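Structure first, then comments.
2 protein chains.
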Amino acid sequence: MKSLEELYEFVREGHKDYMSQLTIECVIFGYHDRQLKVLLAKYMGLNGWGFPSGFLKKEEPLTQAVARIVKERTSLDNIFLQQFYTFGDNDDRIHSWRSMLFVPELRKEFGEDNWLVQRTVSIGYYALINFEEADIKPDIIYEEFAWFSIAELPPLLFDHNEMVEKALATMRNQLYHQPIGYNLLPEKFTLPEIQVLYETILGKELNRRNFPTKLMSLQILTKLDEKRKIGQHRSPFLYKFDKEKYEEALKNGIVLAF
Amino acid sequence: MKSLEELYEFVREGHKDYMSQLTIECVIFGYHDRQLKVLLAKYMGLNGWGFPSGFLKKEEPLTQAVARIVKERTSLDNIFLQQFYTFGDNDDRIHSWRSMLFVPELRKEFGEDNWLVQRTVSIGYYALINFEEADIKPDIIYEEFAWFSIAELPPLLFDHNEMVEKALATMRNQLYHQPIGYNLLPEKFTLPEIQVLYETILGKELNRRNFPTKLMSLQILTKLDEKRKIGQHRSPFLYKFDKEKYEEALKNGIVLAF
């Protein structure tokens, strides 16, 4: 939302276009150069960090709504979005109804019977992107955005700490069943580089001999006739993804264990 | 719901107690003796099979609602329930609003502005039980229940065919990350018996030598000093679950590949 006027209009008339009992929460992970981060936002009227979120339009398919919300907040398009959990147990959400009306001026103007003042159930989605490629701009609701290292997260608003843990656990499980790396690594990369990507996301070291063997057995990598010189006696071969087989693996799933 | 009176009361007054934009759908899988089945219901006023479902109360935690709904429909208590997906893309659900008002008498009495006549988003949960242990009774909405083999499912109502596929795929992935078998096998079982359980759920054969090794490496089985005689020259050892380690594995997750 770009103006205060637009925000007032949304609070006043939004119930005509949006479903009121559901929100969509977006946990956007960013990887770049051995670092795994998550995108947090500061909401207008609240003192703390949380995830970008939004409402579902009454006649809008859910996945389309998620893509719209992520694009509105981050300018990102066509990214990998994955539903991870729907949250409906949190006491705060059930008993002290959260709403956009935490802004005192809005609460004064609209009061308790506004459509935003009620319990919501939240559908969580996560994304995994290259955070160097994102172009993120604050607006009237999201006053500030920042990338936080997942190892150094502050206490978050509402139940958002639980959300990021669940999103991370789901993404880690997903590694064993879907290929990752496309758009996260340079076009050509070494086996140690892709291993670091996996290790960073999993948050643990993987066996140096076992990992490349397992990965190659998926047949989604092509070995190039080209090396990268990284030291006097070290020049590992370069690889790239076989796009077609990668897409196939995305569709059909894989079983990986290392 | 036990009486027509109770049903009318629910349609008339339900909006006071229940959230109207969400439903909970329960895919209940049953395993027994090499068979994997799923519980289907025939709804009042509809000609076809679907899953038992229900609404979330306004002040009720989601997981508590799911347990309540499953218990109401099936008399089952304390069972393993797992959220698998929230469905909000289906065109039918978005554009031709589904409601309890598919019963002509109800439609006549209450009309289009009833709280049940609107788009809903559905939260899917699955359960895995021993179908020999379930005690399932029809009522006024669920006129008939039946266990169908997952290999022989009829075309289902709404988007329920997509739901059962997604539930099955999630359960199959889950096998690699959580132990199963407790309450599905007799207290003492042979390795071939637990292998058949895995094979039945996965819908494929597993390597006879590899599987027991992988399974034993999880350290959730105790080998007993006891054998079962199943033929002149075949009497495999019996095993049981180490309850404590099993619970630990449930909590912390496992990584299995066979």
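Residue numbers (our numbering), protein chains in the order written: chain A, 41 to 298; chain B, 41 to 298.
Glycine is no exception: its CB is placed at the ideal position from the N, C-alpha and C atoms.
The model shown is predicted, which means the values in this text are computed figures rather than measured ones.
Whole angstroms are fine: how far does the CA of L62 of chain A sit from the CA of R147 of chain A?
Position 107 of the first sequence, counting from 1, holds the residue named residue 147 of chain A. Position 22 of the first sequence, counting from 1, holds the residue named residue 62 of chain A. Cα to Cα, R147 of chain A sits roughly 20 Å from L62 of chain A.
By Cβ distance, which residues of its chain are closer than 6 Å to Y310 of chain A, with the 5 residues on each side in sequence left out?
It is not possible to answer for residue 310 of chain A, since the shown part of chain A is limited to 41 through 298.
When the Cα atoms are used, what is the spatial distance from Y222 of chain B to L76 of chain B?
Residue numbering aside, residue 222 of chain B sits at position 182 when the second sequence is read from its first letter. Residue numbering aside, residue 76 of chain B sits at position 36 when the second sequence is read from its first letter. Their Cα atoms are separated by approximately 15 Å.
In three-state terms, what does DSSP make of L255 of chain A?
Working through the first sequence from its first residue, we reach residue 255 of chain A at position 215. Three-state result, L255 of chain A: helix.
Quick one: does T103 of chain A have its CB under 8 Å from some CB of chain B?
Locating residue 103 of chain A in the first sequence gives position 63, where the first residue counts as 1. For T103 of chain A, a Cβ of chain B is located within less than 8 Å of the residue's own Cβ.
List, in order along the chain, the chain A residues whose C-beta lies closer than 9 Å to that of L163 of chain B?
Numbered from its first residue, the second sequence carries residue 163 of chain B at position 123. Note that residue 163 of chain B is Ile in the sequence shown here, rather than Leu. Under a criterion of Cβ atoms nearer than 9 Å, the residues of chain A adjacent to I163 of chain B are, in order, T126, G128, V161, I163.
Anticipated Cβ contact below 8 Å, F91 of chain A with L102 of chain A, distance rounded:
The residue labelled residue 91 of chain A in the question sits at position 51 within the first sequence. The residue labelled residue 102 of chain A in the question sits at position 62 within the first sequence. That belief does not hold up - the Cβ atoms of F91 of chain A and L102 of chain A are roughly 17 Å apart, past 8 Å.
Proximity to Y166 of chain B [Cα-Cα], best of B:Y182, B:I68, B:D73
Within the second sequence, the letter at position 126 stands for residue 166 of chain B. Taking only the C-alpha atoms, the option nearest Y166 of chain B is B:I68.
Can you tell me whether F229 of chain B is buried or exposed, with buried defined as 16 or more other CB within 10 angstroms of its CB?
Taking the first residue of the second sequence as 1, we reach residue 229 of chain B at position 189. Burial call: buried.
Does G54 of chain A come out as helix, strand or coil in the three-state DSSP assignment?
On the first sequence, position 14 is the one that residue 54 of chain A refers to. DSSP places G54 of chain A in helix when its eight states are reduced to three.
Excluding five sequence neighbours on each side, which residues of the same chain lie with their C-beta closer than 8 Å to the C-beta of F198 of chain B?
Reading the second sequence from its first residue, position 158 is the one you call residue 198 of chain B. The residues are G90, N130, D132, R133, R138.
What does a CB cutoff of less than 7 Å around H200 of chain A pick up in its chain, not counting 5 residues either side in sequence?
By one-based count along the first sequence, residue 200 of chain A stands at place 160. Within the same chain, H200 of chain A has close Cβ partners G90, F91.
Would the segment 237-247 of chain B count as touching the segment 277-293 of chain B if we require 3 or more Cβ pairs under 8 Å?
Segments in contact, no.
Please report the residue range of the beta strand (DSSP E) in which I64 of chain A lies.
As a position in the first sequence, residue 64 of chain A is number 24, starting the count at 1. Note, I64 of chain A: beta strand (DSSP E), 62-72.
Please determine, among A:E46, A:R74, A:V78, the residue with the shortest C-alpha to C-alpha distance to S189 of chain A.
Residue mapping note: residue 189 of chain A aligns to position 149 of the first sequence, counting from 1. When each option's Cα is compared against that of S189 of chain A, the closest is A:V78.
May I ask you to report which of helix, strand or coil DSSP gives Q272 of chain B?
Translated into positions along the second sequence, residue 272 of chain B becomes position 232. Coil at Q272 of chain B, not helix or strand.
Output yes if chain B places a C-beta closer than 8 Å to the C-beta of H55 of chain A; else output no.
Taking the first residue of the first sequence as 1, we reach residue 55 of chain A at position 15. It does not: the Cβ of H55 of chain A has no partner Cβ on chain B nearer than 8 Å.
Strictly under 8 Å for the Cβ-Cβ distance: is K82 of chain B near chain A by that measure?
As a first step, residue 82 of chain B must be located in the second sequence, where it is residue number 42. Using a Cβ-Cβ cut-off of 8 Å, K82 of chain B does not count as an interface residue toward chain A, since no Cβ of chain A sits closer than that to its own.
So, helix, strand or coil for E184 of chain A, using DSSP?
Taking the first sequence and counting its residues from 1, one reaches residue 184 of chain A at position 144. Three-state result, E184 of chain A: strand.
Using the beta-carbon count (16 or more within 10 Å), is I270 of chain A buried or exposed?
Along the first sequence, read from residue 1 onward, the residue named residue 270 of chain A stands at position 230. Exposed, because fewer than 16 other Cβ atoms sit within 10 Å of the Cβ of I270 of chain A.
Using a cut-off of 7 Å between C-beta atoms, extract the partners of I134 of chain A located in chain B.
One-based indexing of the first sequence puts residue 134 of chain A at position 94. Those are E99, P101, listed as they occur along chain B.
Compute the beta-carbon to beta-carbon distance between I176 of chain A and T114 of chain A, rounded to the nearest angstrom, for a pair I have assumed lies under 8 Å.
Here residue 176 of chain A corresponds to residue number 136 of the first sequence, with the count starting at 1. Here residue 114 of chain A corresponds to residue number 74 of the first sequence, with the count starting at 1. Right, the Cβ-Cβ distance comes to about 5 Å (below 8 Å), so this counts as a contact.
What's the call for S60 of chain B, buried or exposed, on a 16-neighbour Cβ count within 10 Å?
Reading the second sequence from its first residue, position 20 is the one you call residue 60 of chain B. Under this definition S60 of chain B is a buried residue.
Bridge-paired residues (DSSP) for T126 of chain A
Start at 1 with the first residue of the first sequence, and residue 126 of chain A comes out as number 86. Answer is A:I163, bridged to T126 of chain A.
is_contact[L141 of chain B, chain A] using C-beta, thresh 8 Å
As a working note, residue 141 of chain B is residue 101 in the second sequence. Any Cβ of chain A closer than 8 Å to the Cβ of L141 of chain B would place that residue at the interface, and such an atom is absent.
When DSSP builds the beta bridges, which residues end up paired with G88 of chain A?
Against the first sequence, residue 88 of chain A aligns to sequence position 48. Paired residues: none, contrary to the question.
Let me know if F277 of chain B comes out buried or exposed under the rule of 16 or more other beta-carbons within 10 Å of its beta-carbon.
On the second sequence, position 237 is the one that residue 277 of chain B refers to. F277 of chain B comes out exposed.
Going by CA-CA distance only, name the one from A:G70, A:F120, A:V51 that's closest to G94 of chain A.
Locating residue 94 of chain A in the first sequence gives position 54, where the first residue counts as 1. When only C-alpha atoms are compared, the closest one is A:V51.
Please state the DSSP three-state secondary structure of A207 of chain A.
On the first sequence, residue 207 of chain A is found 167 positions in, with the first residue counted as 1. In the structure shown, A207 of chain A sits in a helix (DSSP, three-state: H, G or I).
Q259 of chain A CB to nearest chain B CB: under 8 Å?
Residue numbering aside, residue 259 of chain A sits at position 219 when the first sequence is read from its first letter. Taking Cβ atoms only, chain B never reaches closer than 8 Å to Q259 of chain A, which makes this a no.
What does the Cβ neighbour count give for S162 of chain B, buried or exposed, with the cut at 16 atoms within 10 Å?
Residue 162 of chain B sits at position 122 when you count from the first residue of the second sequence. With 16 or more other Cβ atoms within 10 Å, it is buried.
Residues that R169 of chain A bridges to, as DSSP identifies them
Indexing the first sequence from 1 puts residue 169 of chain A at position 129. What sits at residue 169 of chain A in the sequence shown is Ile, not Arg. Answer is A:G70.
Cα-Cα separation, I169 of chain B to I220 of chain B
The residue you call residue 169 of chain B lines up with position 129 of the second sequence. The residue you call residue 220 of chain B lines up with position 180 of the second sequence. If I take the Cα positions, the gap works out to 11 Å.
Given that Q123 of chain A touches chain B, what residues does it touch there, using C-beta distances under 9 Å?
Position 83 of the first sequence, counted from the start, is the residue given in the question as residue 123 of chain A. Proximity of chain B to Q123 of chain A at the Cβ level (cut-off 9 Å) is accounted for by Y125, T126, in chain order.
For L193 of chain B and G85 of chain B, I'd like the C-alpha separation in whole angstroms.
Translated into positions along the second sequence, residue 193 of chain B becomes position 153. Translated into positions along the second sequence, residue 85 of chain B becomes position 45. Spanning the two alpha carbons is a distance of roughly 21 Å.
Run down chain A in chain order and give the residues with a C-beta less than 9 Å from the C-beta of Y238 of chain B.
Along the second sequence, one-based indexing puts residue 238 of chain B at 198. Ordered by position in chain A, no residue passes the 9 Å Cβ test against Y238 of chain B, which lies about 13 Å from the chain.
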